[in-house]
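S.K.:
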Ligand code: PHE
């Protein structure tokens with residue numbers, strides 16, 4: 629037994645001494661193979677325990693096991709040290725060049741229609757208006773009836789509509805139904821809002837009109853709101869959008885939900901009023917329909933027309949965006965062609 633112990637001690641010292649010199653992963657692997665592998669002394673001794681005399685067997689077994697544990701522990705510790713050294717070396721040798729410029733991210737950009745929308749939001753925001761959202765899928769009553777266009781009234785022909793399969797539900801043809809929704813929510817408070825959003829009309833697709841387009845509704849309701857307030861507000865809007873020198877004019881018009889009604893033109897900003905292709909030689913561009921909110925509409929909205937009055941306006945932004953960026957075909961807006969979109 630004593631020679632066995634001595635032999636094991638010797639083996640342990642030898643193995644640990646060899647481990648001191650190991651500095652790399654292959655070295656570690658080699659050492660492990662030699663000292664803990666199948667043919668190592670430890671493993672061979674486990675294999676031949678059967679030949680040890682019975683009375684010595686437990687003691688020898690314990691001694692061999694102790695050697696195995698000692699070698700394994702030493703190995704694991706050394707492994708940590710080697711790893712740590714490798715890392716420090718890598719940090720020291722592989723210099724990180726932080727002067728290299730970063731890779732540029734591809735920047736998205738706003739759709740031209742959104743640029744126009746944001747510009748208009750900013751202008752009306754400065755003038756104290758709130759933005760109000762109302763549904764794009766509307767009830768017939770809101771799109772027509774409450775706007776003083778009863779069922780079967782010929783005025784409905786002014787708006788070609790997409791009906792859904794659900795009775796009385798349609799895609800709104802203008803943002804005006806939002807007037808009723810705001811009024812019903814706010815009555816009897818004063819109102820000063822814009823209502824932007826998508827509208828649909830059952831129309832032929834051409835370079836100048838699409839079935840889908842964006843409108844912005846303007847609605848002001850309060851006591852003593854007059855036609856002069858409307859004119860002043862809209863002129864101010866135009867001045868803030870097109871510049872203080874932009875001239876405007878109001879022409880009489882007709883809408884069932886306003887009385888009196890008008891349309892506002894702005895001097896053609898392409899030719900400055902001299903007449904060109906864009907304004908078709910007239911020098912003016914129509915930008916919006918407007919008028920004093922009809923008493924019937926006020927009533928449907930929950931306001932007493934003998935106490936309250938208001939004005940409304942509605943403008944399409946697709947055509948003005950066409951003109952603003954001199955785009956030749958309105959269908960570009962919704963084709964989602966990156967070659968078009970990247971130009972703005
Ligand atoms: N809703 C009208 C249209 O789409 C525009 C409009 C809005 C006119 C508000 C007057 C007042 O043609």
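In this note's numbering, the protein residues as written are 629 to 972. Using N, Cα and C, we set each Cβ at its ideal position, and we do this for glycine too.
Using the Cβ count rule (16 or more neighbours within 10 Å means buried), how would you classify residue 673?
M.R.: By the 10 Å Cβ count, residue 673 comes out buried.
S.K.: Is residue 647 helix, strand or coil when you go by DSSP?
M.R.: Three-state result, residue 647: helix.
S.K.: Using only CA atoms, which one of 883, 802, 694 and 932 lies nearest to residue 776?
M.R.: Checked all of 883, 802, 694 and 932; the closest Cα to residue 776 is 883.
S.K.: Could you work out which residue in 874, 955 and 805 is closest to residue 836 when comparing CA atoms only?
M.R.: Ranking 874, 955 and 805 by Cα distance to residue 836 puts 955 first.
S.K.: Using the DSSP secondary-structure output, state which residues sit across from residue 840 in a beta bridge.
M.R.: Residue 840 is bridged to 828.
S.K.: How far does the alpha helix (DSSP H) with residue 709 in it extend, from its first residue to its last?
M.R.: It spans 685 to 721 - the alpha helix (DSSP H) in which residue 709 sits, taken as one unbroken run.
S.K.: Should the region 680 to 697 be called in touch with the region 738 to 751, which here means at least 3 C-beta pairs below 8 Å?
M.R.: Counting Cβ pairs under 8 Å, fewer than three are found: no touch.
S.K.: In terms of residues, what are the limits of the beta strand (DSSP E) holding residue 861?
M.R.: Taken as a continuous stretch (DSSP letters only), residue 861 belongs to no beta strand (DSSP E), being part of the alpha helix (DSSP H) at 855 to 870.
S.K.: Taking the continuous beta strand (DSSP E) assigned at residue 919, which residues delimit it?
M.R.: That run of the beta strand (DSSP E) goes 912 to 921.
S.K.: Consider the C-beta atom of residue 886 and the heavy atoms of ligand 1; say whether any pair is separated by less than 7 Å.
M.R.: For ligand 1, at least one heavy atom lies less than 7 Å from the Cβ of residue 886.
S.K.: Have a look at 684, 710 and 897 and flag the residue whose alpha-carbon is nearest the alpha-carbon of residue 654.
M.R.: For the residues 684, 710 and 897, the minimum Cα distance to residue 654 belongs to 710.
S.K.: Mapping DSSP to helix, strand and coil, what is residue 876?
M.R.: Three-state result, residue 876: strand.
S.K.: Report yes if the C-beta of residue 845 is less than 7 Å from at least one heavy atom of ligand 1; otherwise report no.
M.R.: Yes.
S.K.: Does the Cβ of residue 944 have 16 or more other Cβ atoms within 10 Å, making it buried, or fewer, making it exposed?
M.R.: With 16 or more other Cβ atoms within 10 Å, it is buried.
S.K.: Is it true that the region 869 to 877 meets the region 890 to 898, where meeting means three or more beta-carbon pairs spaced less than 8 Å apart?
M.R.: Output reads yes: the region 890 to 898 touches the region 869 to 877.
S.K.: With three or more beta-carbon pairs closer than 8 Å as the criterion, would you say the region 808 to 821 touches the region 920 to 940?
M.R.: The region 808 to 821, when compared against the region 920 to 940, does touch it at the 8 Å Cβ threshold.
S.K.: If you check the beta carbons only, do residue 803 and residue 844 fall under 8 Å apart?
M.R.: Yes, the pair counts as a contact, with Cβ atoms nearer than the cut-off.
S.K.: Return yes when the C-beta of residue 917 is under 7 Å from any heavy atom of ligand 1, and no when it is not.
M.R.: Checking every heavy atom of ligand 1 against the Cβ of residue 917, one is found closer than 7 Å.
S.K.: Below 8 Å on the Cβ atoms is my contact criterion, and I expect residue 618 with residue 951 to pass it. Report the Cβ-Cβ distance as a whole number of Å.
M.R.: Because the chain in this structure spans residues 629 to 972, residue 618 falls outside the shown range and cannot be described.
S.K.: I need the straight-line Cα distance from residue 953 to residue 962, nearest angstrom please.
M.R.: For residue 953 and residue 962, the distance between alpha carbons rounds to 15 Å.
S.K.: Is any non-hydrogen atom of ligand 1 found closer than 7 Å to the C-beta of residue 960, if you look at the structure I gave you?
M.R.: No, ligand 1 has no heavy atom inside 7 Å of this Cβ.
S.K.: Provide the residue(s) that pair with residue 758 in DSSP beta bridges, ordered along the chain.
M.R.: According to DSSP, residue 758 bridges with 821.
S.K.: Roughly how many angstroms separate the alpha carbons of residue 923 and residue 787, rounded to a whole number?
M.R.: Using only the alpha carbons, I get a separation of about 21 Å.
S.K.: Following the continuous beta strand (DSSP E) through residue 893, name the residue where it begins and the one where it ends.
M.R.: Where residue 893 is concerned, the enclosing beta strand (DSSP E) stretches over 886 to 895.
S.K.: Please return the same chain residues whose Cβ sits closer than 7 Å to the Cβ of residue 680, not counting the five positions on each side in sequence.
M.R.: Only 688 meet the Cβ criterion.
S.K.: Is residue 802 near ligand 1 - that is, is its Cβ less than 7 Å away from at least one heavy atom of it?
M.R.: True, at least one ligand heavy atom lies under 7 Å from that Cβ.
S.K.: Taking only the alpha-carbon atoms, compute the straight-line gap between residue 662 and residue 730 and give it to the nearest angstrom.
M.R.: Whole-angstrom Cα-Cα distance: 49 Å.
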